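Have a look at the structure below before the remarks.
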Amino acid sequence: MVNILPFMGPAREPAPRRPANGGPQKQEERPGLLQRLAVQRGGGEGPPRAAGRGIIVPGQQLPHITLNTVQGGKIELGAPTGKWQMIVVYRGKHCPVSKNYLASLQQIIYELDELGVEVIAVSGDGRERAEAFLEALKATTETKEVTFKIAYGLPLEEMLAWGLYVSEPRNIRETDQPFPEPALFLLNPDGEVIIIDYSNSPFARLDLRILVEGIRYIQENDYPVRGTYGYY
């Protein structure tokens, strides 16, 4: 298979496990952590990967959460702050695509600053992994700096409450816990969600140039929240 994204490493087929007696292996069906959590939250047995996920309605607020940042201090996500806030959910330290995307974000951060948009990147990584990610991210940017905050420790329950797609690691080299797939939320000064973007894969993300121009248009033209049909 042609490796389209060399930075992701070659695709590998998992080696089949064989029982000690040499006979055919019947794969044991065990519910994953996400399925077990979904059942605990009252989601039922199926579909297991969708059960337990919340729905964020355009024009409403995200469930609030306060997290620590790598740069120091705490930050409240989702609460009305009196200014625009953009929350970028990234997969974690193990993902080179997330690093490249956030490096591209740093290149246009001055335009978001001019629009009065506070940018926060967040993942489920712990502090040590988030610190290592920040250092790797700095090395990737043109100016060798990152001027937006990076929050860490987003709990699994909150990932689901925010409606995020969540994946279990393929192996220990990725991480040792479920992690969120990419998402982006733009909140207005009242804390209302104006733009929502979800992905279930690292390879599909918002075009940042279009996003910046869209935010500018929204602010200058008092553009209404879209996608509300059927919710109100």
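With our numbering applied, the sequence shown closes on residue 456, and no number is skipped along the way.
Each residue gets a CB set at the ideal place from its N, CA and C atoms; glycine is no exception.
Keep in mind it's a predicted model, so treat the numbers as computed, not measured.
Does DSSP classify residue i as helix, strand or coil?
{"i": "residue 357", "result": "helix"}
{"i": "residue 426", "result": "coil"}
{"i": "residue 293", "result": "strand"}
{"i": "residue 407", "result": "strand"}
Give me, in chain order, the residues of the same chain whose beta-carbon lies closer than 6 Å to that of residue i; leave out the 5 immediate sequence neighbours on both sides.
{"i": "residue 383", "result": "390, 404"}
Specify, as a first and last residue, the run of the beta strand (DSSP E) that residue i falls within.
{"i": "residue 373", "result": "373 to 376"}
{"i": "residue 398", "result": "Residue 398 -> no beta strand (DSSP E), and no H or E assigned at all."}
{"i": "residue 346", "result": "341 to 346"}
{"i": "residue 366", "result": "First-last for residue 366: undefined, no H or E at that position."}
Going by alpha carbons, who is nearest to residue i out of the options?
{"i": "residue 423", "options": "299, 322, 284", "result": "322"}
{"i": "residue 402", "options": "316, 292, 427, 276", "result": "316"}
{"i": "residue 288", "options": "431, 386, 320", "result": "386"}
{"i": "residue 299", "options": "367, 278, 346, 397", "result": "346"}
{"i": "residue 443", "options": "324, 291, 338, 330", "result": "338"}
In the DSSP assignment, find the alpha helix (DSSP H) that holds residue i and state where it starts and stops.
{"i": "residue 330", "result": "320 to 331"}
{"i": "residue 443", "result": "432 to 445"}
{"i": "residue 385", "result": "380 to 385"}
Between the alpha carbons of residue i and residue j, how many angstroms are there, rounded?
{"i": "residue 394", "j": "residue 425", "result": "14 Å"}
{"i": "residue 454", "j": "residue 280", "result": "13 Å"}
{"i": "residue 361", "j": "residue 313", "result": "15 Å"}
{"i": "residue 445", "j": "residue 435", "result": "15 Å"}
{"i": "residue 328", "j": "residue 438", "result": "17 Å"}
CB-CB under 7 Å to residue i, same chain, minus the five flanking residues each way: which ones, in chain order?
{"i": "residue 358", "result": "294, 370, 374"}
Does chain C have any CB closer than 8 Å to the CB of residue i?
{"i": "residue 346", "result": "Looking for chain C here will not work: only one protein chain is present."}
Going along the chain, which residues of its own chain have a beta-carbon closer than 8 Å to the beta-carbon of residue i, five neighbours each way excluded?
{"i": "residue 355", "result": "294"}
{"i": "residue 452", "result": "281, 282, 283"}
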